[in-house]
Structure formats: C-alpha cells, structure tokens
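Enquirer:
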Amino acid sequence: MFTPYRTILSQPGAMAFSATGWFARLPISMVGLGLVLLVSSSTGSYALAGSVSAASVVASAVTAPFQARLVERRGQHVMLPILAGVNAATLGGLVVVVHAGIPTPVPQVLAAVVGASSPLVGSYVRARWTHRLEGRPELQTAFALEALLDEVVFMVGPPLVTVLATTVSPVAGLLTAMVAGLVGSLMLAAQRRTQPPVHAHRAGSGAKPALGWATLGPVVVACAGLGVLFGSAEVVVVAVASEAGHRSASGLLLAGWATGSMLSALITGAMRLRMPPMNRFRIGAAVMAATMLPLPFISELGVLGPVLFLAGFAISPTLVASMAVVQRTVPPSRLTEGMAWTTTGMAAGVAAGAAVAGQVIDAAGGRAGFYVPLAAGLLTALVAFVGRAPSRPDSAVATSTDDATELTGAH
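Residues in the sequence shown are numbered consecutively from 5, following my numbering.
1) Which residue from V160, T7, A63 puts its Cα closest to that of T263?
2) I'd like the span of the alpha helix (DSSP H) that includes T333, first residue to last.
3) Answer yes if the region 149 to 158 comes into contact with the region 21 to 36, meaning at least three C-beta pairs across the two stretches below 8 Å, and no otherwise.
4) Go ahead and label S33 buried or exposed: buried means 16 or more other beta carbons lie within 10 angstroms of its beta carbon, across all protein chains shown.
5) Give the straight-line distance between the Cα atoms of G126 and A68, rounded to the nearest whole angstrom.
6) Quick one: any contact between the region 99 to 116 and the region 75 to 86, if contact means 3 or more CB pairs under 8 Å?
7) According to the neighbour-count rule (16 or more other Cβ atoms, all chains shown, within 10 Å of its Cβ), is G235 buried or exposed?
8) Check for me: the alpha helix (DSSP H) holding E304 runs from which residue to which?
9) Quick one: give me the first and last residue of the alpha helix (DSSP H) that H103 is part of.
10) Skipping 5 residues on each side, what residues in its chain have a beta carbon closer than 7 Å to that of V329?
11) Count the other C-beta atoms from every protein chain shown that fall within 10 angstroms of the C-beta of E304, then say buried if there are 16 or more, exposed otherwise.
12) Less than 7 Å between C-beta atoms, sequence neighbours within five positions excluded: which residues of the same chain meet that for T11?
13) Whose C-alpha, out of G97, G119, A120, is nearest the C-alpha of V110?
14) Could you tell me whether the region 370 to 380 touches the region 229 to 246, using the rule of 3 or more Cβ pairs below 8 Å?
15) I need the DSSP call for E138, collapsed to helix, strand or coil.
16) Assuming S60 contacts G119 (C-beta within less than 8 Å), just tell me the rounded distance between them.
17) Would you call the region 340 to 347 in contact with the region 244 to 258, where contact means no fewer than 3 C-beta pairs closer than 8 Å?
18) Taking A53 as the reference, give the member of A28, A88, P31, V99 with the closest Cα.
19) Within the same chain, show all residues whose beta-carbon is closer than 7 Å to that of A65, passing over the 5 residues directly before and after it, in chain order.
20) Near L42, which residues of its chain fall below 6 Å by C-beta distance, leaving aside the five closest residues on each side in sequence?
21) Out of curiosity, what's the CA-to-CA distance linking Q112 and P162?
22) Near T346, which residues of its chain fall below 7 Å by C-beta distance, leaving aside the five closest residues on each side in sequence?
23) For the alpha helix (DSSP H) containing R284, name the first residue and the last one.
24) State the start and end residues of the unbroken alpha helix (DSSP H) segment that holds G342.
25) May I have the straight-line CA-CA distance separating S121 from T198, to the nearest angstrom?
26) For a test of the three-state rule: what should DSSP assign to Q199, helix, strand or coil?
Okay, here's the thing in structure tokens:
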C-alpha cells in the first residue's frame, strides 16, 4: 500500500519540500478557528467573530490569483519571504487589536491584510510536485499525499489552537500559528532546487495561454460551495459544542472530521485510479452533500463525533479529483494560478459560510446552523454535475506552453 508513497518521496528534495510545506500550512487550520474563539470569548458574538474571519478569507480569495501570478513570475524564493513577513506582522497586530477590544472596522481591516498576505503554500507545494512528476502516473499519488497532509494539518491545528486558547490564553493559539507560518514559509523558500521555473511574461511575447474557463469555472464555483460547507461547519461545531457545555470539545470534533478525510486520502493515493477525474469529482461532491443530511438532527456530541468522522471520508477524494481536473485543464506555465483560482473559490465560500452560519446561530441556535453546510453541499453537487470535463486526455499532460495552449484553446 505504501509503495507509491515511497516512490514519490524518494525523488530528490521531495521529502523536504513536502514536510516543510506541511508545517507552513498549519495556520490554515488554526487562524480561522483561533479568531472565532478569541472574538466570541471577548464579545460573545458569533456574528462579529464570523465577520472578522470572513474579512481575512475574502481578502485571500480576491488576491490569491494575483499572488500566484507574482510567484510564477518572480519565483517562490523571492515572494514567499515577503508574504510570510507581512502576514506574521499583521496577524500579530490583529491579535493585539482584538485582545484590546478595539471596535469595528479595525479588526476587519487587519484581518483583510492577513488574508491577502497569507502564502498559498498548498498550491506552491503542488506546483513543485507537478514540476517534478509531470506526465507520470505518480502525480496522482503526490496530490493524494498533499491532501492527506492537509488533513493532518486539520487534525493537529484545531485541537492545538483550542487547547491553547482555552487553557493558556485566547491569543496563544494565534501566536503559535503566526510562528509556524513564518518559519515554514521561509524554510520552503530556501529550497530553490525543487521550485518550478519562473515564467516571466514579457511585453510583446504574445497572449498568455488560456486557462480553460469552460472547465475551470464550474470547478471554481464548486470549490466555493465546498468552502461554504467547510467555513460554516467550523463555526457551527464551535457553537454546538459551546451550547452543550463542552466548548473545548469543538477542536476534537473538527479533528475527527479531518481524520476521516486523512484516511480516505491515504487510500486514494495508494490506488491506481482509472475513472476520469471529473467523474470522481462529481461523485465525491454528491457523497459530501449526502453526509451533511443528518447533521441538523443531531443534538448529542457523542453522536455528532462519529458522524463527522464518517463524513470526512468524502473530503479528500473530492479535493484530489478537483486538483487533477485543474492539472489537466490549465497550461503548465499557469498551473499555480489555476490552482489559486480554486483556492479563491474555496476561500470566498469559507468567508460566506462563516458569516452566514454566524447569523443563523445567533438567530436560531447551533443545530440550525447545520442547514448552511447542507445547502452548500447540495449546491456543490449540482455545479459539479453540470461542469465540463477537461479536453486533455487523462494519460496526456502538456509539456510546453504551446502544447497547453493548443489543448485549452477550444475552451
């Protein structure tokens, strides 16, 4: 089972950049929940907590493609230290502002800067894998490995930030995330030998190769639906656990959800999948919607935990399939940008989901908030089924910008 993983990790530098990328990604599972815990404990308002978290995610969503474009043109070794430094400084300032009780809109403005400067580490690591394994079947295993590591991040991050926030200080979790993001990003930037080549677009060099929006667009919208599901569920779980008198259990519940996804990623990466990635994406989206159906009717945390764990098994196969669709759609010179658009969609969804769930919880209680991820799951499945499959055959991968332009030109 583990042979495919040993094969890809034996590639020169692969173990180092994958492990470093995991460490640098810890903040993605800590900052949002840490802000919810900090703001809600300081003000008692989940709506306000959702708005601060949403400001960060919306800014990240808006700026992600531009950040990816800069990184592709300047190189990860140039841009990652700049982004990480700005992000750490503004996150530290946000912690001070929230802890001091400075009112709106100052926390939201700082949160927006935090989001805009958050390095898209997952996309940058996947771009390194694609550069190393392009055209080889092992790339599927590499994507599954990164999905697995994403879920390990969500296993470790929520309990860690919850424990630190509830037992040490409301700001301790966010400060830990700040250090992890800064150190991890600097370490990844230092590994120049494995970064993909810089694709500087010069004036007069002709139009950039097309991204293939006929396929990429629906995938981005579907990823936005997944983001709504993830962002709303995170806030709802905190609220439900708090109403049950076990606020600290929220991190464990979310970690259980991520554990199910991690196990499914492990299985996915060990398999040689023959089904086209768009078909896998559609099936995964439908299963995710189905797993949300029982959640609004569960009141006991002892039941909610196992249900979330089982629901997690649908996450990684769906996300791995979405990355495979993008990789077979966009040209190699714009791969990071293409992945960033899916990140943009998901980030926008997370922001909307957190904000809407906060409003629903304040108005109708925690359990009612689960109708938000349920609706999001149904929307995701619908969009996935109407999306167009990539024109590039599953066995073919463009090896040059000209090839990629030809393959995506029909879009």
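C-beta: ideal position from N, C-alpha, C; glycine also.
Expert: In brief:
1) V160
2) Element bounds for T333: n/a, residue is neither H nor E.
3) Taking a contact to require three or more Cβ pairs closer than 8 Å, the region 21 to 36 and the region 149 to 158 qualify as touching.
4) buried
5) 12 Å
6) no
7) buried
8) Careful: E304 lies outside any alpha helix (DSSP H) and carries neither H nor E.
9) 80 to 104
10) Excluding residues within five positions, the ones whose Cβ falls inside 7 Å are T219, V223, P281, M282, F285, P394.
11) exposed
12) E142
13) G97
14) yes
15) coil
16) 4 Å
17) At 8 Å Cβ cutoff, the stretches do not touch.
18) V99
19) T348, A351, A352, A355
20) V102, P174
21) 22 Å
22) V223, V224, C227, S326, V330
23) 281 to 296
24) 339 to 368
25) 23 Å
26) coil
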